[in-house]
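**Student:** Please see the structure below; I have some questions.
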Amino acid sequence: MIILTATTLGLTVGFMRSASVIALVAMLIGVTFAFAAIASGGAVSFLALLYTIIGYNAGLLLYLGGLFTTDRLRAVLVHS
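Sequential numbering of the sequence shown, starting at 1356, is according to our numbering.
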């Protein structure tokens, strides 16, 4: 569920097309994890943070892949 949520977050941030928003959300992921680690009484799973980072980057890559695919399809359809 963590990966799915982070991937969705990456996709929605990609739709904003703002580098500052992409960087801000990436920073907020780390800050939220740090606050959760401070507030929790027990051990913290760094594997969950890794899954979140991987999912966020995968969402951004899916967005870029979609942009590339639609651009290529438009070019093919215009020239045919």
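Glycine included, each C-beta is placed from N, C-alpha and C at the ideal position.
In whole angstroms, what is the alpha-carbon distance linking L1364 and T1407?
**Tutor:** Along the sequence shown, read from residue 1 onward, the residue named residue 1364 stands at position 9. Along the sequence shown, read from residue 1 onward, the residue named residue 1407 stands at position 52. When rounded, the distance between both Cα atoms is 10 angstroms.
**Student:** Is the stretch 1364 to 1381 close to the stretch 1418 to 1426, with three or more CB pairs under 8 angstroms?
**Tutor:** Judged by Cβ distances under 8 angstroms, the stretch 1364 to 1381 makes contact with the stretch 1418 to 1426, as three or more pairs qualify.
**Student:** Which first and last residues belong to the alpha helix (DSSP H) in which A1398 is found?
**Tutor:** In the sequence shown, the residue the question calls residue 1398 occupies position 43. Unbroken run through A1398: none, as it is neither H nor E.
**Student:** What did DSSP end up calling M1371 once you bin it into helix, strand or coil?
**Tutor:** The residue given as residue 1371 occupies position 16 in the sequence shown. Note: M1371 maps to helix in three-state DSSP.
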